[in-house]
Amino acid sequence: MKKLWQKLTKPSSKYPILALVLVGVVITLAGVLTVHKSFEFASQTEFCTSCHTMQQNYEEYKQSVHFKNASGVRAECVDCHQPKDLPGAVMRKLGAWKDVYHHFVTGKIDTPEKLEEHRLELAQVVWNRMKSQNSKTCKSCHSYDAMDHSKQSAKAAFEMNKAAAEDMNCIECHKGIAHELPNMAGGFQKDYQELQATATSQGATADVLYSLGEKDLFAAADAKGKAEGKLLPASQVKVIERKDGMLKVQIDGWLEKNGKGRVMTEYMGKRVFKATIRGDVKATEKVLEEQTDSATNIAWQHVSVEAWITPDDMLDNIQPIWNYAEDMYGATCNACHAAPAPGHFTANGWISSLNAMSAYYRLTKTEERTLLKYLQNHGSDTGGAGHH
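Letter by letter, the sequence shown follows residues 1 to 388 in the UniProt record's numbering.
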């Protein structure tokens with residue numbers, strides 16, 4: 001210990017301690033300056049886009065309001081992707097080893113095709129990082145306190161006031177700001193294929209079944225015959241006969257008494273569509289009861305019809321279909337903004353709400369009908385139970 005103390009107090013007989021301290025200070029300053037300049041160099045947009053794998057991202061960024069806008073204030077790559085505080089910046093730089101590894105070793109996104117293949121995965125990594133940081137890179141420029149809501153549209157001011165009250169994560173509503181949104185359909189479309197496989201394995205042997213997609217209704221056990229209506233997605237039927245690989249089913253629903261009587265709904269007075277019926281299928285109609293909707297004073301009839309369907313894509317449980325639709329809702333409506341809970345609107349209210357957003361998502365007509373059915377069956381006036 002004595003020798004160690006002597007080394008610390010008298011490290012050299014040749015050089016004075018002051019000189020050694022000065023050398024240490026110079027080395028420290030040089031190290032700090034080197035690290036600072038290295039960070040500064042590696043934080044330039046030119047550096048970020050110097051790899052050819054970043055060229056497509058760069059071109060997308062150049063088309064965004066963060067690159068060019070009326071105020072002339074440009075948000076560079078580092079402003080969105082790297083926190084301003086030193087610990088956050090260091091952690092982001094250290095985490096970038098994965099980018100270097102995939103660029104030079106795996107070539108994971110070295111072609112536009114590969115980028116599209118992995119775009120959703122890459123986007124989710126960034127979104128999760130921003131979410132974990134409560135979007136602090138966004139809030140380093142955009143402050144709730146500095147917003148003048150009188151200069152925003154009425155809708156924007158309403159939403160931003162709510163967001164400010166909750167100190168909301170910016171990325172919940174503002175995805176796709178600087179880069180193209182990924183195709184969010186991959187996950188729930190895979191779920192649909194798995195549900196089809198499940199339906200095949202079940203073989204439609206249950207007495208109560210639920211439709212995964214749309215199905216033609218026939219008046220006889222002949223799938224090549226004339227369709228006399230259509231069973232819509234997520235609709236319940238009761239099997240009453242099996243013949244020649246076909247199922248004879250009973251479908252219960254509501255019809256407006258003074259209407260054309262072709263569209264069956266799940267509930268009285270609510271446009272939650274279950275099936276369309278015509279011709280010989282409609283001819284089997286039996287009236288079970290009649291009620292008047294107190295809200296509209298419109299008379300409705302609770303009816304049942306019989307029809308033949310093919311057994312494919314029929315499940316013995318509605319919940320997997322709701323789970324699939326819930327994933328679809330998260331992947332489409334939550335891709336751009338924080339979507340309201342299904343119970344936020346009434347069953348009829350969801351029709352106009354979803355229609356207003358139809359230009360912003362990519363769904364097939366069947367997918368859209370399944371999503372709408374899910375939202376309506378979990379609406380504020382259907383009990384949110386998703387049952388029929």
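Glycine included, C-beta positions come from ideal geometry on N, C-alpha and C.
Source: prediction; values computed, not measured.
Asked: For residue 321, which beta-bridge partners are listed by DSSP?; Found: Paired residues: none, contrary to the question.
Asked: Can you tell me whether residue 221 is helix, strand or coil according to DSSP?; Found: coil
Asked: Could you work out which residue in 250, 269, 246 is closest to residue 257 when comparing CA atoms only?; Found: 269
Asked: Using 8 Å for Cβ pairs, my map puts residue 327 next to residue 191. What's the rounded Cβ distance?; Found: 6 Å
Asked: Taking C-alpha atoms, which residue in 82, 375, 253, 161 lies nearest to residue 325?; Found: 375
Asked: First and last residue of the beta strand (DSSP E) that includes residue 304?; Found: 298-309
Asked: Bridge partners for residue 246 per DSSP, in chain order?; Found: 243
Asked: Specify the secondary structure class of residue 105 as computed by DSSP and reduced to three states.; Found: helix
Asked: Residue range of the beta strand (DSSP E) that residue 125 falls in?; Found: Counting along the chain, residue 125 falls outside any beta strand (DSSP E), though it belongs to the alpha helix (DSSP H) covering 112-132.
Asked: Rounded to a whole number of angstroms, what is the C-alpha to C-alpha distance between residue 69 and residue 62?; Found: 11 Å
Asked: Going by CA-CA distance only, name the one from 293, 330, 278, 236 that's closest to residue 318.; Found: 236
Asked: So is residue 130 buried or exposed if we call it buried at 16+ other beta carbons inside 10 Å?; Found: buried
Asked: In three-state terms, what does DSSP make of residue 273?; Found: strand
Asked: Whether or not the region 87-96 and the region 142-153 are in contact is what I'm after, with contact meaning three or more pairs of Cβ atoms, one per stretch, closer than 8 Å; do they touch?; Found: no
Asked: Which of helix, strand or coil does DSSP assign to residue 31?; Found: helix
Asked: Please go through the same chain and pick out, in chain order, the residues whose beta-carbon is closer than 7 Å to the beta-carbon of residue 45, but skip the five residues on each side of it.; Found: 76, 77
Asked: Where do the ends of the alpha helix (DSSP H) carrying residue 349 lie?; Found: 349-356
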